[in-house]
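A short write-up of the structure that comes next.
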Ligand SMILES: [Ca+2]
Ligand SMILES: [Ca+2]
Ligand SMILES: [Ca+2]
């Protein structure tokens, strides 16, 4: 579903010279040209997680693995970097939509939303509303045609307008921690100066 297009969009936003630097970094770190799930977790410092948190990270990894071959290749890596570093809110919401749409059928149903809120609550601690209450509230607010499914459009429009919901959605995967890794991560060859130009 538009994967090659979104990869192309991601690449278009990054100057060729920067892509080359990223490519060298990536190949130095992952000489096979592929980053495994284990390496992804290591990179982000996500080890020793609970089972629930682990499953969640697996799901995050799967959204970055656009061709679904089980690995992050360089194109997928640079698309992810681009999303984290330069993505506009709408692009990020599109990505969250993919994360929430667990069965990948193009819409979020109540079960998928409930699963996600349950996970977020398990990861981030107690909220004022239970996941069930929150799921009902969200569908009440943003399922515009009341068919029990959130389309991409309903999800983006609804979330952009609702600060509380936006905050909860952002908690399901924190891009700022990834950004920190990208900025402070291992960069033996460049000292990180090129990152300031991104
Ligand atoms: Ca892949
Ligand atoms: Ca779905
Ligand atoms: Ca709907």
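In our numbering, the protein residues as written are 3 to 200.
Note that CB positions come from ideal geometry on N, CA and C, so glycine has one too.
All figures in this text were calculated on a predicted structure; none of them were measured in a lab.
### Query
Counting by C-beta, which residues lie closer than 6 Å to a heavy atom of ligand 1, in chain order?
67, 69, 71, 73, 74, 75, 78
### Message
Per DSSP, what are the beta-bridge partners of residue 111 in this structure?
### Response
151
### Message
Is any non-hydrogen atom of ligand 3 found closer than 7 Å to the C-beta of residue 182, if you look at the structure I gave you?
### Response
no
### Task
Give the straight-line distance between the Cα atoms of residue 53 and residue 16, rounded to the nearest whole angstrom.
36 Å
#### Entry: Beta-carbon contacts of residue 198 that lie in its chain and below 8 Å, excluding the five residues immediately before and after
Any answer about residue 198 is weak, because its pLDDT of 35 lies below 50 and its placement is not dependable; what the coordinates show is given next. Result list for residue 198: empty, nothing under 8 Å.
### Task
State buried or exposed for residue 78, treating a residue as buried only when at least 16 other CB atoms are found within 10 Å of its CB.
buried
### Task
Determine the direct distance from the alpha carbon of residue 149 to that of residue 185, and round the result to whole angstroms.
The straight-line gap separating the alpha-carbon atoms of residue 185 and residue 149 is approximately 43 Å.
### Query
With distances taken from CA atoms, which of 74, 159, 136, 115 is nearest residue 151?
115
### Query
Is residue 49 helix, strand or coil by DSSP?
In this structure, residue 49 counts as coil in the three-state DSSP scheme.
### Query
Looking only at its own chain, which residues have a Cβ that is under 7 Å from the Cβ of residue 102, when we skip the five neighbours before and after it?
110, 114, 115, 118
### Query
Hey, how far is the Cα of residue 121 from the Cα of residue 58?
7 Å
### Query
Listed in chain order, which residues are found with a beta carbon closer than 6 Å to a heavy atom of ligand 2?
That query returns the following residues: 103, 105, 107, 109, 110, 111, 114.
### Query
If we call anything under 8 Å between Cβ atoms a contact, is residue 74 one with residue 49?
Result no, Cβ atoms of residue 74 and residue 49 do not sit closer than 8 Å.
### Query
Anyone know if the C-beta pair for residue 137 and residue 112 falls short of 8 Å?
yes
### Query
Taking the continuous alpha helix (DSSP H) assigned at residue 170, which residues delimit it?
165-173
#### Entry: residue 1 to residue 76 span [Cα, whole Å]
An answer regarding residue 1 cannot be provided, because it is not within the stretch 3 to 200 covered by the chain.
### Query
What does DSSP give as the partner residues of residue 37 in its beta bridges?
74
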